[in-house]
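Only one structure is covered here, and it is reproduced in the block below.
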Amino acid sequence: MSDAALLRTMLLCRAVEARLAARPDCGFQLFSAGEEAVAAGLCAVLGPGDQLLCSGRSIAPALARGLDPAAVVAELLGRTGGPCRGRAGRGHLAQPSAGFFGAHAVVAGNLSIAAGVALAFQAAARPGIVAVLFGDGAAGAGALHETLNIAALWQLPLLFVCSNNGWSISTPAAAHLAPARVADLARPFGIPAATVDGTDAPAVRDAAAALAAGIRAGGGPAFLEAVSVRLGPHSTSARESRTRADLAALAARDPIARLSAALGEALAAPLRAAADAAADAAFRTAEASPPATADELDDAA
Ligand SMILES: Cc1ncc(C[n+]2csc(CCOP(=O)(O)OP(=O)(O)O)c2C)c(N)n1
Ligand SMILES: [Mg+2]
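Here the sequence shown stands for residues 1 to 301, where the numbers follow my numbering.
Structure representation (C-alpha cells):
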C-alpha cells in the first residue's frame with residue numbers, strides 16, 4: 001500500500017470519529033485519534049484471507065481493515081445496518097467474513113481468542129495469518145504471557161501488535177509495567193519482535209510487512225510494538241487526566257499531520273476532502289438505517 005493510501009485510510013478514520021464525537025447521541029466510544037497509523041500500517045499488510053482482532057478501541061481498526069464505513073457507523077449508532085445489526089457497537093463490532101474477527105472489550109481478552117483463530121488456520125492448513133491488536137494495558141495480563149507461550153510452542157501464524165500509547169485510562173505504563181519496551185516480553189519465548197514509531201504509518205507498514213512475511217513463510221508468531229499517542233481522553237465519558245502541556249506535546253506527534261507534511265499539502269488536501277465526503281456519506285447512509293429494536297436485542301441475549 002502506498003503512503004498516500006495510508007494517509008487516505010487515516011483521514012477516513014479521523015473524519016468518521018470527529019463526526020461521531022460531535023453528536024449528542026454518540027454513545028460510549030473509545031477513539032483512535034493519534035493511533036490511526038498503527039491501524040492503517042498494520043492493515044496495509046493484511047489480505048482478504050487474514051483475520052484481525054482488536055480491543056474495544058475498534059473504530060480505526062475496523063475502517064482500516066476495509067469494512068464498509070456506512071455499516072461501521074450504523075453499528076456504532078445502534079442501527080440495523082451494522083455488521084452485527086446494531087447490537088454490538090464499538091465494543092463487540094465484528095465481521096469475520098470481511099477478515100475482522102472483532103473488537104473485544106475485555107482488556108487482553110482478544111489474545112487467547114486470536115490464538116484459537118490462528119490454531120484453526122493452522123489445523124485447516126489455511127495460508128492466512130491472524131493479527132491481534134491490543135494496548136499496553138494488556139501487556140501485564142496473564143493472558144498475554146500464556147498466549148505468547150502457546151503461540152511459540154505451536155508456531156501459530158499470529159502477529160501480536162501492541163499499540164503502546166503509554167496509558168491505560170489514567171495509569172501510565174511506567175506505573176504498571178516492569179519492562180520499558182513491551183516488545184521485550186516476546187523475546188524469552190523466541191518470538192521475533194520489533195519496536196517501531198507508531199506515529200509513522202509507513203514505518204509501521206514496513207515493520208509489520210517484515211514480521212508478517214516471516215509468519216507467512218512458516219516462521220511462527222511475531223510481535224510488533226508500535227509506540228503511539230492517544231491524542232484525546234480515554235473515552236467519551238473519561239476525564240482527561242493529562243496536563244495541557246502534555247497534550248500539546250502529544251499533538252506535535254499527530255501521525256496524520258506527520259504524513260500530510262511528508263507528502264505535501266497538494267496531495268493531502270484532496271485526500272482530506274475525499275475523506276470528509278466519504279464520512280458524510282457514511283453517516284447519511286447509516287442514519288437511514290432503522291434502529292435495532294427491543295425484540296432483536298432480546299434475540300441476541
Ligand atoms: C479485564 C478488564 N479490566 C478493565 C477494563 C476497563 N478498561 C477498559 S479500557 C482499559 C484500559 C486499557 O488500556 P490499554 O490496553 O493500554 O488500551 P488503550 O485504552 O490505551 O487503547 C481498561 C482498564 C476492561 N475493559 N477489561
Ligand atoms: Mg494504552
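All residues carry an ideal CB built from backbone N, CA and C; glycine is no exception.
query                                                                                              : result
Cβ-Cβ distance between Ile302 and Arg216 below 8 Å                                                 : Beyond the ends of the chain as shown, which are 1 and 301, falls residue 302; an answer cannot be given.
Closest Cα partner of Phe189 within the set Arg284, Leu42 and Ala152                               : Ala152
The segment 119-133 contacting the segment 68-88, beta-carbon criterion three pairs below 8 Å      : no
Best match in Val73, Asp50, Ala4 and Ala294 for proximity to Ser58 [C-alpha to C-alpha]            : Val73
Nearest candidate by alpha-carbon position, reference Leu46, set Gly81, Phe31, Gln122 and Leu133   : Leu133
Sheet register partners of Arg79 (DSSP bridge)                                                     : Pro291
Test item, CB below 7 Å from any non-hydrogen atom of ligand 1                                     : Leu30, Ser55, Gly56, Arg57, Ala105, Val106, Val107, Ala108, Gly109, Phe134, Gly135, Asp136, Gly137, Ala138, Ser163, Asn165, Trp167, Ser168, Ile169, Arg230 and His234
Val106 and Asn165 closer than 8 Å at C-beta                                                        : no
Uninterrupted beta strand (DSSP E) stretches inside the segment 36-78 (no shorter than 3 residues) : 51-55
DSSP-derived helix/strand/coil call for Gly232                                                     : coil
CB contact flag (Leu52, Ala131, <8 Å)                                                              : yes
Option nearest Ala222 by Cα separation, candidates Ala294, Ala266, Ser237 and Cys162               : Cys162
Collapsed DSSP secondary structure at His104 in the structure displayed                            : strand
Integer-rounded CB distance, given that Thr195 should sit under 8 Å from Glu225                    : 4 Å
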